[in-house]
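Residue numbers (our numbering), protein chains in the order written: chain A, 1 to 123; chain B, 1001 to 1123. We put the CB at the ideal spot given by N, CA and C, even for glycine. Model, not experiment: these values are computed from the prediction. Below is one structure, written out as C-alpha cells; comments come after it.
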DNA sequence: CTGGAAGTACGACGGCTGTCAAACTTCGAT
DNA sequence: ATCGAAGTTTGACAGCCGTCGTACTTCCAG
C-alpha cells in the first residue's frame, strides 16, 4: 500500500525540482500565505473547506493548486474532503529557513485574531 | 553633519513600517533578487551601473526604487554615481532569517557563473 | 562653459494573475 | 436510487507590473 495515489489528485512534484522563483511566486499572495500559516499553526491536516479564506470556492481551488505545485503542501482525499498537509521537512531541506522566516514574519504582522479559529478543525 | 540627506534621493523608509507583503513583492522579481544577491556577495557598496543586469537603464532604476522602498537597500550619491548598500542589520532585525534564506536559495539555484564579475567593482 | 557620463521621470504597451460565476464530477448518506 | 456536500474546471474579465524608448537633470572633466 505504498503507492496509494489517488487519481483525483495530480502527482506531487519532487521538491528538488522546484525553483525559488516558483516558491516566492506562491508565497507572495496573501491568501496562499494565509493558508500556509494556518496549516503551520494547525496540529492536524486541514480540509480545503476548513480554512478561513475570504475568496470564492473556485479561487481557493486555484490557490491550493499553486501551493501544491510549489511543493509546499501535499493533498489527499478522505471521502469527499480534500485534505492539506504542509510538506515541512522536505521543503525545509530544499529551502532551509525560508518557510519559518515567512511564517514568523506573517504571524508578527497578522493582527491578533480575537477568534481562535483556524485550529485543526477537521469538521 | 548627521542629516546629510541628499535631495536627489527620497527618504528611506523605517524598516519597522514595512510589510511582509511589500518585501515578498520586492523579492519575487528575478532581477531584484539578482541585485540583492550581488550586493550580498559584494564586499563593498555598488553603484547602479556596477551590477550585471540584462535590462534597460530605466527598468533598472525602477527595480532599485522598489528595493529601496521595501527597506532592502540604502542609496546615496557619490559624484554622479548612485551607490547601493544592503540594509542587512536593520532588515534582519525586522524579518529574521528571511534575507539569508532567500540569498542562500538563490545561490544554490544560480548556475556557477564561470565569470567572476559582480564583485565589488566600483569602476 | 561646454560635453559627456550616470541615472531618473514619464508615458505606453503587453502579459500575467487573481477573481468570480456557472456548470460539472464524485462520493457518502438516506 | 437519489440528493446533497465538497471541490474542480472552464471561460471571462480587470488590474497590476515589468519592460522599453525618449526626454530630462545633475554633476564632473577638460
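Notebook entry, point to check: When DSSP labels each residue in this structure, what does residue 1081 of chain B get in the three-state scheme?
Noted result: Looking at residue 1081 of chain B - three-state DSSP - the assignment turns out to be strand.
Margin query: Output needed for residue 1014 of chain B: all residues of its chain with C-beta closer than 6 Å, excluding positions within five of it in sequence on either side, in chain order.
Written below: Take residue 1014 of chain B, set aside five residues on each side of it, and no residue of its chain has a beta-carbon closer than 6 Å to its own.
Next item on the list: Can you pull the chain A residues whose beta carbon is under 7 Å from the beta carbon of residue 1022 of chain B, in chain order?
Entry: Neighbours of residue 1022 of chain B on chain A: none; closest Cβ ~10 Å, over 7 Å.
Notebook entry, point to check: Helix, strand or coil: which one does DSSP assign to residue 1028 of chain B?
Noted result: In the structure shown, residue 1028 of chain B falls within a coil segment according to DSSP collapsed to helix, strand and coil.
Note to self: By the 7 Å beta-carbon criterion, what residues does the region 18–47 of chain A contribute toward chain B?
What the structure shows: Answer in chain order: 19, 20, 21, 24, 25, 27, 28 and 30.
Check: Pairing CB atoms from the region 1082–1097 of chain B with CB atoms from the region 70–79 of chain A, are three or more of them under 8 Å?
Finding: Note that the region 1082–1097 of chain B does not touch the region 70–79 of chain A; fewer than 3 beta-carbon pairs, one per stretch, sit closer than 8 Å.
Margin query: Just to confirm, is the Cβ distance from residue 34 of chain A to residue 52 of chain A under 9 Å?
Written below: The beta carbons of residue 34 of chain A and residue 52 of chain A sit closer together than 9 Å.
Note to self: Does chain A have any CB closer than 9 Å to the CB of residue 1055 of chain B?
What the structure shows: Judged by the 9 Å Cβ criterion, residue 1055 of chain B is not in contact with chain A.
Next item on the list: Taking residue 1092 of chain B as the query, report the chain A residues whose CB atoms sit under 8 Å from its CB, ordered along the chain.
Entry: Close partners of residue 1092 of chain B in chain A (Cβ separation under 8 Å) are lacking, with about 10 Å as the shortest Cβ gap.
Next item on the list: For the alpha helix (DSSP H) containing residue 1015 of chain B, list its first residue and its last residue.
Entry: Boundaries cannot be given for residue 1015 of chain B, as no alpha helix (DSSP H) includes it and DSSP labels it neither H nor E.
Checklist line | Beta-carbon spacing of residue 48 of chain A, residue 37 of chain A below 9 Å | finding: No, they are not a contact pair.
Notebook entry, point to check: Would the C-beta of residue 71 of chain A count as close to the ligand FMN, meaning under 8 Å from any of its heavy atoms?
Noted result: This structure simply doesn't include the ligand FMN, nor any ligand for that matter.
Item checked: Test: residue 61 of chain A CB closer than 9 Å to a CB of chain B -> No, because no Cβ of chain B sits closer than 9 Å to the Cβ of residue 61 of chain A.
Margin query: Please tell me whether residue 1028 of chain B and residue 1055 of chain B are closer than 9 Å, where the distance is taken between their beta carbons.
Written below: Against a cut-off of 9 Å, the Cβ pair of residue 1055 of chain B and residue 1028 of chain B comes out as no contact.
Item checked: Secondary structure of residue 107 of chain A, DSSP reduced to three states -> Of the three classes helix, strand and coil, the one that applies to residue 107 of chain A here is helix, per DSSP.
Checklist line | Residue from B:1009, B:1050, B:1021 and B:1010 whose Cα sits closest to the Cα of residue 110 of chain A | finding: The candidate whose alpha carbon is nearest that of residue 110 of chain A is B:1021.
Check: Which class does residue 1053 of chain B belong to by DSSP, given the choice of helix, strand or coil?
Finding: In this structure, residue 1053 of chain B counts as coil in the three-state DSSP scheme.
Item checked: Members of the region 97–112 of chain A near chain B, C-beta cut-off 9 Å -> Flagged, chain order: 97, 98, 99, 100, 101, 102, 104, 105, 106, 108 and 109.
Check: Is the Cβ of residue 51 of chain A closer than 9 Å to any Cβ of chain B?
Finding: Answer no: the Cβ-Cβ gap between residue 51 of chain A and chain B never drops below 9 Å.
Next item on the list: Mark residue 1009 of chain B as exposed unless 16 or more other C-beta atoms lie within 10 angstroms of its C-beta, in which case mark it buried.
Entry: Residue 1009 of chain B is exposed by the Cβ-count criterion.
Note to self: At the level of alpha carbons, what is the spacing between residue 59 of chain A and residue 66 of chain A?
What the structure shows: Taking the straight line from one Cα to the other gives about 11 Å.
Item checked: Endpoints, the alpha helix (DSSP H) within which residue 126 of chain A is located -> Because chain A here runs from 1 to 123, residue 126 of chain A falls outside it and cannot be looked at.
Check: How many whole angstroms separate the CB atoms of residue 96 of chain A and residue 1101 of chain B, which I take to be in contact at a CB cut-off of 8 Å?
Finding: Beta-carbon to beta-carbon, residue 96 of chain A and residue 1101 of chain B are separated by about 7 Å, close enough to satisfy the 8 Å threshold.
Notebook entry, point to check: So residue 98 of chain A packs on residue 1105 of chain B, CB below 8 Å; how close in whole Å?
Noted result: At roughly 6 Å, the Cβ-Cβ gap stays under 8 Å, so residue 98 of chain A and residue 1105 of chain B are in contact.
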